[in-house]
Amino acid sequence: MSWILLFIAGLLEVAWAAGLKSSDGFTRLWPSVFTIVTAVGSFVLLAMAMRQLPLGTAYAVWTGIGAVGAFIFGIVMMGEALTLPRVASAALIVVGLVGLKLSSGH
Numbered sequence: 324m325s326w327i328l329l330f331i332a333g334l335l336e337v338a339w340a341a342g343l344k345s346s347d348g349f350t351r352l353w354p355s356v357f358t359i360v361t362a363v364g365s366f367v368l369l370a371m372a373m374r375q376l377p378l379g380t381a382y383a384v385w386t387g388i389g390a391v392g393a394f395i396f397g398i399v400m401m402g403e404a405l406t407l408p409r410v411a412s413a414a415l416i417v418v419g420l421v422g423l424k425l426s427s428g429h
């Protein structure tokens, strides 16, 4: 269950990062509200997952899901550049996340 909570927390991290971009520096009301709600949800689920998972593993996976998810969101929804070096770098993050999962013992 902890891994599921952590995965959802990571997805919410992607959501709040996208909301933060859309909020235009917290100058737009509804994107700002969305950002705050999803950030709080992400932190709460991360905290719940950390009850069972090691700190380093949980935090690295949470930020990794957020980083790779935001990378994908930026390409698909915001027209950001899709280049081989960027994809290779994101792939290295994914390899690290899989390694942490496999070596965590949970």
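Using my numbering, you'd call the opening residue of the sequence shown number 324 and step up by one each time. Where a beta carbon is used, it is the ideal one built from N, C-alpha and C, also for glycine.
For residue i, which three-state DSSP category applies?
| i | result |
| --- | --- |
| serine 346 | coil |
| methionine 324 | coil |
| threonine 361 | helix |
Residues in its own chain within less than 6 Å of residue i by CB, not counting five upstream and five downstream?
| i | result |
| --- | --- |
| leucine 334 | none |
| threonine 325 | The question names threonine, but residue 325 is serine in the sequence shown. The residues are Ala372, Gln375, Leu376. |
| phenylalanine 349 | Ser355 |
Relative to the C-alpha of residue i, which residue among the options is closest?
| i | options | result |
| --- | --- | --- |
| glycine 389 | Leu407, Leu425, Gly428, Ala341 | Ala341 |
By a C-beta neighbour count over all protein chains shown, 10 Å radius and 16 as the cutoff for buried, is residue i buried or exposed?
| i | result |
| --- | --- |
| threonine 380 | buried |
| threonine 361 | buried |
| valine 337 | buried |
| glycine 387 | buried |
Skipping 5 residues on each side, what residues in its chain have a beta carbon closer than 7 Å to that of residue i?
| i | result |
| --- | --- |
| isoleucine 359 | none |
| alanine 383 | Leu423 |
Item to check | Every unbroken beta strand (DSSP E) inside the region 370-397 [3 residues or more] | outcome: With a minimum length of 3 residues, there is no unbroken run of beta strand (DSSP E) contained wholly in the region 370-397.
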